[in-house]
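Okay, so the sequence shown: first residue is 9 according to my numbering, each after it adds one.
Glycine residues also receive a C-beta, built at the ideal position from the N, C-alpha and C atoms.
As the structure is a computational prediction, the values presented were derived from the model and not from experiment.
Below is one structure; the comments refer to it alone.
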Amino acid sequence: MTIEETELNAPRPRNHRNPWRLFKRWFWQKMPKGLYARSLIIIIAPMVLLQSVIAFVFMERHWQTVTQRLSKVVTSDVAAVIDIIENYPQDSDYEQISKLAREKLSLNISILPPDPFPPAVGKPFFSLLDDTLRTEITSQIGRPFWIDTVGDSNILEIRIRLEQPEKILRVFVRRSQAYASNSHIFLVWMVGTSLVLCLVAILFLRNQIRPIQQLSLAADRFGKGRVMPEDFRIRGATEVRQAGLAFLQMRERIERQIEQRTAMLTGVSHDLRTILTRFKLQLALVNQTKEVEDLQADVDDMQKMLEGYISFAKGDSDEETVLVDICEVLERHSMEASLRNKTYDVDCDIGTVINFRASAFARLVANLVTNAFRYADTLKVWVAKGNDRFTITFDDDGPGIPKEKREEVFKPFIRLDEARNLDESGTGLGLSIARDIARNHGGDINLYDSPEGGLRVIVTLPA
């Protein structure tokens, strides 16, 4: 392969990126993410763009044209006065010319000595009048001149050097004669009206967006197992009302289904507990033999399994959410670790609380911690808080769970004989109950390989 072929086939560096994609990505990162802010942009941006175009056209065409015509007229009057002064030099006092300029042309003129000629002054920042007037004097008169348009005075001063006689003509003229001074009223009315319209639009838009925000908050709180806002009610536009009604109907169906399931299992558990109680009484009346003790153990196992089924089906849905101290719940298992001769390390900032169902959270932690104590010698737990999430990580040095079976163990009644089982009664509901609790509160549980050599369990819960 030649050197040229090698260079052609070599991979190109990725340091050059598409500028358009970079700009588009930057633009969308800067754009607001909320519906209210985006709706305001949709309303205000076209209005601002339209006003900008109108203002530019007005300034460029109307204002400049009117100012140019007025300045042209004033310059023509000054040029006429200069012609009269130079063509009729016998009028040495120029009284008649001054009277004519004052009465007929609205110009206040005077004749000054040729020196000193005033130095040039600074131009204003917005020099439309200054530039226009200078251009007209240069084109129509063509003499050395000096003008003063700076300041808030309503009078403009123009000085022009005359040739015959060698004098300085000083002219005072009203600014309104050479400048379209009232044009800004149009801009004031346009901007003022737009501000009023924007204020009205913002008020109406906020009333339309608020029901959507409340519906989103209610759905979020219901999904996390929390109490819905007390002031939530169906209102807003027709589409928003339909969405709110559909949400309430869905909520009622879910709660009714949970109530029916709980009621059914309560009735079943009552009947089965009656039978189990009768078994225990009958076993207590017979002689205590090895066979009777085995039967008693079977009855105890059946009762534990029954309690596990009921807890899984019930899901602690009737419990109110409260502020739960995460560190306090984790530290409860320190005594258990000491009794089992296990190493138990907890890394948690004091005072870290979460809005959760207390019994459900305690059961979730107990399932994970007790299981780790049963299969591992060391358990490390640490809590991290993000912007809107709590992450609780459990790392142990036990045998772990094969990667291909980590999702399967979350299914109810699934038991892995060679892996771990989170339920002491052997029903295969431990992980199902733990994940069900987490998801009912808007979180989740996932399994990974632990740096300690065993299993890593990561619990994510909303803050």
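Can you tell me which residues form a DSSP beta bridge with residue i?
i    : result
N454 : I466
L164 : V181
F402 : V389 and V465
W154 : R167
L331 : N363
R397 : P470
So what does DSSP say about residue i, is it helix, strand or coil?
i    : result
E12  : Note that E12 scores 44 on pLDDT, short of 50, meaning its location in the model is unreliable; the coordinates nonetheless yield the value given after this. Residue state, collapsed to three classes: helix.
V294 : coil
E426 : Model confidence at E426 stands at a pLDDT of 47, short of 50, so the residue's coordinates are unreliable; what they give is reported in the following sentence. E426: coil per DSSP, three-state reduction.
D308 : helix
I362 : strand
K232 : coil
N379 : helix
D279 : helix
N349 : coil
N95  : helix
S118 : strand
I176 : strand
P357 : The sequence as given places Asp at residue 357; Pro does not occur at that position. DSSP places D357 in coil when its eight states are reduced to three.
R29  : helix
T140 : helix
R340 : coil
E263 : helix
K419 : coil
E432 : Residue placement at E432 cannot be trusted, given a pLDDT of 46 that sits under 50; the coordinates are not used to answer.
E460 : coil
E238 : coil
I193 : helix
L409 : One detail in the question is off: residue 409 reads as Ile in this sequence, not Leu. Of the three classes helix, strand and coil, the one that applies to I409 here is coil, per DSSP.
L256 : helix
R214 : helix
G244 : coil
D123 : coil
I149 : coil
F133 : Bear in mind that the predicted position of F133 carries a pLDDT of just 47, short of 50, making it too unreliable to give a figure here.
A442 : helix
With distances taken from CA atoms, which of the options is nearest residue i?
i    : options                   : result
R169 : P152, T157 and S184       : P152
D91  : I50, R243, L177 and D279  : L177
V181 : I217, N395 and S79        : S79
W390 : Y383, D404 and D396       : D404
R249 : N379, Y383 and S224       : S224
E94  : P173, R261, G359 and I50  : P173
F212 : Y456, G408, L30 and S47   : S47
P410 : L207, D457 and D357       : D457
R234 : N116, E328 and V361       : E328
C335 : I358, T386 and H70        : I358
S202 : G42, M55, P27 and E416    : M55
H341 : L293, I149, A442 and A370 : A370
D156 : S147, R142, L58 and I149  : R142
S184 : L30, R77 and E460         : R77
A226 : G252, A209 and Q104       : G252
M194 : F64, L108 and Y383        : Looking at the sequence provided, one finds Phe at residue 194 rather than Met. Comparing Cα positions, the closest option is F64.
L303 : L291, N295 and L314       : L291
F418 : N162, T399, S440 and F66  : S440
G42  : R214, E103 and N454       : R214
D139 : T75, R33, E315 and W28    : T75
N454 : P407, I400, N448 and G461 : I400
D239 : E247, K232 and P219       : P219
L57  : L120, V199 and Y44        : V199
V332 : I362, K350, S346 and Y102 : I362
L205 : I52, A392 and F31         : I52
E171 : L463, L120 and G408       : L120
R229 : H449, Y102 and L463       : H449
E339 : S60, D355 and N349        : D355
L280 : I266, Q296, K312 and E263 : K312
N349 : E315, A384, L372 and T360 : A384
Would you grab the beta carbon distance between residue i and residue j for me? Rounded to a whole angstrom, and I think it's under 8 Å.
i    : j    : result
Q221 : G244 : Contact doesn't hold; Cβ gap of about 10 Å is too wide.
V300 : F287 : Not quite, the Cβ-Cβ distance comes to about 11 Å (not below 8 Å), so this is no contact.
R397 : A471 : 6 Å
I145 : T73  : So it is not a contact: roughly 18 Å between Cβ atoms.
L376 : Y352 : With 8 Å as the limit, L376 and Y352 do not qualify as a contact, their Cβ atoms being about 12 Å apart.
V465 : F381 : About 13 Å separates the two Cβ atoms, so there is no contact after all.
V86  : I166 : 7 Å
L2   : V89  : No information on residue 2 is available, as it lies outside the stretch 9 to 471 that the chain covers here.
L347 : G408 : Between G408 and L347 the Cβ distance is about 24 Å, and since that is not below 8 Å, they are no contact.
Q. Whole alpha helix (DSSP H) runs in the segment 40–80 with 4 or more residues, listed along the chain?
A. 43–65
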